[in-house]
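This report refers to the structure that appears directly beneath it.
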């Protein structure tokens, strides 16, 4: 499969276009040759794709070591554009050029996808039913919500997450201000605490998300809502694994690069 | 002392004006009567001041219970203005009005003050010498840097922080990518990881800060810099305690409200 | 009726949402508790509603004296948001908190409503027929236009207004530059002189509005259009009185607070 | 004197440049030939200058009838630029081109000038002493403040204004909420009610200004400050008369065009 | 025909409204009396219309000399509004006022019109078939693309343009980086090199446009696309000639003013 | 010399910092490794520097072929930042990474430098004396002006330029609207026609610049000023040649890459 076709199929499936104006991340093919430059362009063959949460020296090197042609990540290298190509930007781009590895990135489109996305994967793990999209950013969704049939105790939910996620050394942090039994939950992975107001307004029992922020504590306490902080990395492995499964279906060789950060 | 004088003395000492255009927080007297409204204004007497990191229902109630006239915090209630006065804004403002408690807030001015501020206090704890301001935001400083004479091992630094700060359940998180012996350190409390680039460019061995963000891991790893995450709350008690000492000197009765959040 | 239901019914009837991005006034429930704050929220019962043109110390006190739960006004307290809660803002908000009075505001939605609105009420008074919306602001209407069957002399129109409106000491001001007999008229209450160009372009004989501005004189004179200035307060009592009638129909006790300003 | 010299002398005296970025009015030579267009430019002789508050068909025609070469006004024809040259803009520009009359405008520079300006002239009339600049707009002054020695009763002040100003039919409007004896007064002519907050904060007894706005009533009432509304036109004849005296000194023939509007 | 009707018919045919927010040129009636100013407005009769590429002293004078009532051009006098009416703006507007000549302008609407426009006319000359709109600016088209049946050599295409266009002294410039035989071509007249990226992405063999810019050389060379620079004036006579034919059909007397610039 | 020192010396000499906010070009080290990325950064040795007007595939390849370590150009690859690294951006960056060639760019700083710059070099060629900076962009200079002692005929000036510059096939274009003898001249190279108004206002006889734009013809004609268009490339070789001489003085091996474009 040509790289441009690989990127176009992912863009189409993830609706990359819909998030173009609202995401600081340059989603889609972020670094690599493309045929839209006339004679100067090119369109290499993709036989082997690597998948990781973060694009970084560590994962780019592992991609090259694995002999893969493209690295697909949730967090890329270009946020809000590049002013110039020096310093750490140069250092991170260099191995991509030198090893002929392309970089495909899907940030918010992969957070919000209701089947393939990070929140969807976490909802599967928690057995959430009757789901609806949750968490709006300029009109697009980036999370999900639904009901855990029969409800679950906060401590039990934490144990499930600690058992099944790669949560790093710090474990799962619990702000236990909601009801004893959690039934209605909202899920926004990563930095999802910014949607706490929306979760409160929606009346759910708990917001399950990744990394914390200081201001969340008192907001949750006063609103009487439980917040579960299971780690940014740990809650965002679902989306890229879904894309890996897609690539498997397309007949590509695939490699998953697990590099937990404890954050 | 009149409330307006109390606020003016703090504004003067903290240079509140210099941060007016770059901080989303409404610094200075944030909620309370003031004499600049003609006959409709008023200027109550302040005999007793309470101090806390966060303005929240819990600390406002404690202020009223203590019989204090004003609550002084690092994190206030108004960020980027209020569109209207309903919901959680109404709920948090209500006890201030009902209990006749005023709210004075100092966010970035208190982060950056080189003697009274949060970073300055943390630097004192770590024995940092030869200090210079560090961490710029639109031309103002919000942190400090300097040398730990003789250097300190990363693990030893973590132990010091865990022992002397109220770091909550999760402990201090260490991204141990710098040299074994840490000598030059930069300190920006709270969300200071946003100044990691500046710390790398300054060539320090470690950045000591409060809460983490996912993107920091690989950036620190590739740059070979150590990052110490000691908690947002834990690293930001120094500033309000300094202000309490000031108020003590001014002859006021004072109360410190310690409400750690674990975040 | 709960306060949230009272506000929602008014929002729905007045189409508050449509004016959200174009009005500096925070329309809808502007000050008061609401249930969208989780456990910190609340939703008091509304049995008695007061109505006035202006939210001010005078009308807020009268609302409390009358024992009403909510004050409904055309001009509120929050314009373009509050940067902080001090000075005159604190002084005006204080009695609302202390007396447990909520404030519901409808500015442009109430100017523009073609049945309940200020211009509609003034058009009723003048016997204007074959009405159409008039006066656009970012795509929404804020006034009305139509025909006075048989026409009316400018002086006669002034006398009608002086007789039936509470125009204060200064009386109605007449810029008598149009035809002797006025047939087609446009109405935008309050500061409606900003729509003089639109009235000229529409070819009406007269613009009937509230308060004047210096620039209007020569513009009207050169265009040959009559402008009638009947006072800002005097032309804007119609809308809140319509809302009072609605509340009567809903079975609430209601009080109208007439506080003419002469402006 | 050449037109360019005439304009340059006025610009210099009024400090037109300082107000360039904060006034919607195009101050200085607003309509007329200038030598900065190379061969296409020109620089006519100015022997006779006319002065009026407003640039309008009426005053432009009177300028041509008087045989003057330039009309100097406080209110000009170009506010915020011209998108195109049609409709009323075309109609007002046409006589200037056809009669070879240039237009020089000084809006805020003439409001704020502490000797020649509108507020300065009104302060002279009221016998205000110990003056200081008052009323800031992006760092520039547009009014004045000072003390009336011995104080004056509000009613007496109104009578002075009604006697000595061309206040039109409506007379002077008094919002009598300040002390019985007015001593400290602030003056901003025209639409100066927008500086009511600054007047309250400055602690003056009264703000003397031109035209009213609805919101002023309750703000003044609650703050306990008197507001005197003497008319926009009536309070703004002082500045252009000062400029006429300047032109007299320069040896030009001059004509004052008095066209009161009652607004 | 009244001027307002003349302008309205052109606006309607050219869809002037669609380009209102994206063109710095004030399209439509740009200078002249219009009836939308009430009594101050007017609506002169148009019997004779002149047409030219550029509105300038030379063409305005020729319009007056020809006794025409309106000048219709592609490039007008008002770009991004007028801050004031002095210098070269005054010098160019003066003859329009003095000679009672109105100015109608159509810039981007006339570039993009797929039948009457500049690109359409150039495509007719080159025998381009199977045309589609090309060249987007904020969602509107400003050029065309299609196929030259059988293809044409680059040199032959240059000769056609040099023979049939008024290309001035410098001749047509050829950046001959595409295939020997040019079949698929994109056309954006005037400054169309800004759409080179879009032409490369569309995969055409050549972009035919007006004036060059330095950056085009290497971009075209690397992409392997031919760029033909036939002059800004020379490629933009088609549109105004089309409008002249329309006016002929409407029964007006018309004059074409050919003033080539060599640019 | 290390690359960072090479860039710092050029930045210092050209005052790169002063143009940082007003130039779309990323001036200074634009592509290449730098030591400001901690362990991920690097700082290669520069022994040999190549110089060219344009950064493009052609000049980058020639740099690598010459064995140079850095390419110094007036026109770089990054204008207004990079949204992502694909298409023609990828194609142009690839050889820089693959050949370990860094790119240093100086756009407006090199236009405006009064000794080393493009305009300065062209002024030397024309024998311009008594020079002053000319051509302002947000407060910085980008050209020069002065007097040609004794004056020069327009045709003679054209002949000088055609003889001594690499003007490409089209020759020098002359808009001969000024005086027969040209004495006072302004020089802004490249797209300097945008400063025609400033040249007219300065009263010079001629503006000497690079590439033309359609609108210049009538503006120059009406103002009575001569415009000489000598080509963008041809007028901008002076600056990079000056930098080559600097590098020679620093003891580096240098190569000049002459790639005229005819534009």
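Residue numbers (my numbering), protein chains in the order written: chain U, 1 to 263; chain F, 264 to 526; chain Z, 527 to 789; chain A, 790 to 1052; chain H, 1053 to 1315; chain Y, 1316 to 1578. Don't be surprised by glycine CBs; every beta carbon is placed ideally from N, CA and C. What you are looking at is a predicted structure, and each value in this text was computed from that prediction instead of being measured.
is_contact[residue i, chain H] using C-beta, thresh 8 Å
i, result
"residue 1390 of chain Y", "yes"
Distance, residue j Cα to residue i Cα
i, j, result
"residue 1349 of chain Y", "residue 1251 of chain H", "36 Å"
"residue 230 of chain F", "residue 489 of chain F", "Nothing can be reported for residue 230 of chain F: it is not among the residues displayed for chain F, which extend from 264 to 526."
"residue 702 of chain Z", "residue 1051 of chain A", "12 Å"
"residue 1495 of chain Y", "residue 1521 of chain Y", "11 Å"
"residue 208 of chain U", "residue 345 of chain F", "27 Å"
"residue 107 of chain U", "residue 1399 of chain Y", "14 Å"
"residue 130 of chain U", "residue 202 of chain U", "15 Å"
"residue 93 of chain U", "residue 420 of chain F", "34 Å"
"residue 1401 of chain Y", "residue 9 of chain U", "17 Å"
"residue 1116 of chain H", "residue 1099 of chain H", "13 Å"
"residue 1092 of chain H", "residue 885 of chain A", "15 Å"
Own chain, CB closer than 8 Å to residue i, minus 5 neighbours either side, in chain order
i, result
"residue 1442 of chain Y", "1463 and 1464"
"residue 889 of chain A", "833 and 858"
Spatial neighbours of residue i in its chain, beta-carbon cut-off 6 Å, leaving aside the 5 residues before and after
i, result
"residue 1173 of chain H", "1290"
"residue 1081 of chain H", "1059 and 1156"
Beta carbon proximity, residue i to chain Z, threshold 8 Å
i, result
"residue 1109 of chain H", "no"
"residue 1052 of chain A", "yes"
"residue 962 of chain A", "yes"
Contact with chain D by residue i, beta-carbon distance below 8 Å
i, result
"residue 1525 of chain Y", "The structure shown contains no chain D; its protein chains are U, F, Z, A, H and Y."
Per-residue burial, residue i [other beta carbons within 10 Å of its own, 16 or more giving buried]
i, result
"residue 839 of chain A", "buried"
"residue 244 of chain U", "buried"
"residue 1075 of chain H", "buried"
"residue 145 of chain U", "buried"
"residue 1263 of chain H", "buried"
"residue 319 of chain F", "buried"
"residue 809 of chain A", "exposed"
Cβ of residue i within 8 Å of any chain F Cβ
i, result
"residue 545 of chain Z", "no"
"residue 559 of chain Z", "yes"
"residue 854 of chain A", "no"
"residue 216 of chain U", "yes"
"residue 242 of chain U", "no"
CB contact below 8 Å: residue i versus chain A
i, result
"residue 1537 of chain Y", "yes"
"residue 1491 of chain Y", "no"
Cβ of residue i within 8 Å of any chain U Cβ
i, result
"residue 1112 of chain H", "no"
8 Å Cβ cutoff, residue i in contact with chain Y
i, result
"residue 796 of chain A", "no"
query: In chain order, which alpha helix (DSSP H) runs of at least 4 residues are fully inside the segment 1082-1121 of chain H?
result: 1109-1117
query: Could you give the uninterrupted runs of the alpha helix (DSSP H) lying entirely in the segment 1451-1506 of chain Y, keeping only those of 4 residues or more?
result: With a minimum length of 4 residues, the continuous alpha helix (DSSP H) runs that stay inside the segment 1451-1506 of chain Y are 1469-1479.
field: In chain order, each alpha helix (DSSP H) run of at least 4 residues that lies wholly inside the segment 1406-1449 of chain Y
entry: 1423-1427 and 1433-1441
- request: Would you mind listing the beta strand (DSSP E) stretches within the segment 495-524 of chain F that are 3+ residues and don't spill past its ends, in chain order?
  value: Taken in chain order, the whole beta strand (DSSP E) runs of length 3 or more contained in the segment 495-524 of chain F are 516-519.
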